[in-house]
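K.L.:
Handing you a structure now.
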Amino acid sequence: MSKAGFLKNPFWVLGCLFLITALFLVFTVDVTATNEAGVREKLPENLGTQWHGEDVLFCQTPSCTRSWLTRDVPLNEDGIRVCPENWQHEPCGGELLTMALGERLVLPKDTVILKKQYIKQSDPENTVFTSVVLSGKDRSSIHRPEVCLDAQGNIIKDSITISIPLENGNTLKAQVLLINKTYSEEYTRYGYYAYFFVGKDRTTHLHIERLLWMSLDRIFRNVSHRWAYISVSGERNPDNTDYVEEIRDVVSKLYPQISLIESQP
Ligand SMILES: [Zn+2]
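Structure below.
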């Protein structure tokens with residue numbers, strides 16, 4: 109293409125202008141980190157009439173790290189809850205917090221983590237675990253879920269995307285990892301791990317899309333909002349897909365109660 113031809117082609121001219129502008133903005137704009145999030149900092153007590161929520165506490169003693177439902181740990185004489193685990197008849201007595209020790213050591217200090225276990229009233233053996241990780245100022249609180257699951261000894265068998273119809277007529281998408289964890293030759297636990305991300309005014313089930321929105325917001329809107337990473341996990345029967353209905357049931361009741369986005373999702 110001749111020089112004149114190059115300049116006459118609007119695609120190239122616009123492309124170059126876009127690139128120059130984007131580079132200019134990336135290096136000159138002072139991004140305002142705002143504290144705006146798309147979710148509340150509290151998980152609901154109940155999800156409909158079926159699911160009853162219980163708070164979860166984690167022992168901070170490195171050699172213990174057990175987790176407990178708050179209702180199973182009575183207050184001691186000082187009016188606080190400490191780890192009731194007995195190690196060779198020695199009480200642990202470790203500090204109990206709402207964040208696991210590993211998370212507390214790795215994540216930025218201002219990360220907010222909310223966790224609840226929801227127990228199905230018609231079948232108390234059936235429980236689902238929900239967590240919300242809300243990023244703090246430096247925005248590095250949220251990692252790819254696959255990395256953490258691998259580190260915990262899970263094998264990810266498959267990854268699927270499901271649609272979750274909401275009461276208001278909108279549809280939310282979640283990514284679902286199907287995981288196996290083998291404890292012994294006889295016992296393998298089959299689980300699922302569903303997740304999606306919520307920004308101040310949008311949702312996505314894709315980690316890469318969240319990163320893209322964060323970059324575009326920084327460049328073109330001069331803001332960096334707090335993103336939330338929401339997960340729901342439970343057990344599944346490897347012979348059927350009932351877990352999909354369970355995820356739809358839980359998320360369609362959970363999300364509208366925590367979302368601050370006016371036109372959800
Ligand atoms: Zn302990």
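The sequence shown begins at 109 in my numbering and counts up one residue at a time. For glycine and all other residues, C-beta sits at the position ideal for the given N, C-alpha and C.
1. Nearest-angstrom Cα distance between S175 and A282?
2. Count the other CB atoms within 10 Å of the CB of T290; is the residue buried (16 or more) or exposed (fewer)?
3. Taking the alpha helix (DSSP H) that R334 belongs to, which residues open and close that run?
4. Evaluate V164 with the Cβ neighbour count: other Cβ atoms within 10 Å of its Cβ, from every protein chain shown; 16 or more gives buried, anything less gives exposed.
5. Quick check on the burial criterion: 16 or more other C-beta atoms within 10 angstroms. Buried or exposed for S171?
6. Closer than 7 Å: is that where the CB of G210 sits relative to any heavy atom of ligand 1?
7. Indicate whether the contact test is met: 3 or more Cβ pairs, each with one atom in the region 335 to 351 and one in the region 223 to 242, closer than 8 Å.
8. Buried or exposed: where does F328 fall if 16 or more other Cβ atoms within 10 Å of its Cβ makes it buried?
9. Within the structure, which residues are defined as neighbours of ligand 1 by a Cβ-heavy atom distance below 6 Å, reported in chain order?
10. Which two residues bound the contiguous alpha helix (DSSP H) that contains R174?
11. Quick test of your reading: V358 and L151, contact by CB under 8 Å. State the CB separation rounded to the nearest angstrom.
12. Count the other C-beta atoms from every protein chain shown that fall within 10 angstroms of the C-beta of K265, then say buried if there are 16 or more, exposed otherwise.
13. Are the CB atoms of E144 and K308 nearer to each other than 8 Å?
14. State yes or no: is the C-beta of T206 within less than 8 Å of the C-beta of K217?
15. Which two residues bound the contiguous beta strand (DSSP E) that contains E162?
16. Give me the Cα-Cα distance between R310 and G146, rounded to the nearest whole angstrom.
17. Measure the C-alpha to C-alpha separation of Y295 and N288 and round it to an integer number of angstroms.
18. Less than 8 Å between the C-beta atoms of L368 and R148, yes or no?
19. Looking at the strands, I want to know which residues DSSP matches up with T279.
20. Taking Cβ positions, are I227 and Y300 nearer each other than 8 Å?
21. Nearest-angstrom Cα distance between P232 and H160?
22. Look up K217 in the DSSP assignment and say whether it is helix, strand or coil.
23. Would you call T157 buried or exposed, if buried means 16 or more other Cβ atoms sit within 10 Å of its Cβ?
P.N.:
Taking the coordinates as given:
1. Computed Cα separation, rounded: 26 Å.
2. With fewer than 16 Cβ atoms within 10 Å of its Cβ, T290 is classed as exposed.
3. Element bounds for R334: not the alpha helix (DSSP H) but the beta strand (DSSP E), 331 to 334.
4. buried
5. exposed
6. no
7. Because the criterion of three Cβ pairs below 8 Å is met, the region 335 to 351 and the region 223 to 242 touch.
8. exposed
9. C167, T169, C172, R174, C191, E193, C200, G202
10. Note, R174: premise wrong, no alpha helix (DSSP H); not H, not E.
11. Incorrect: roughly 12 Å between the Cβ atoms, too far for contact.
12. exposed
13. It is a contact, given that the beta carbons lie within the stated cut-off.
14. A distance of 8 Å or more separates the beta carbons of T206 and K217.
15. 159 to 167
16. 8 Å
17. 10 Å
18. Contact flag set, yes.
19. P273
20. no
21. 10 Å
22. coil
23. exposed
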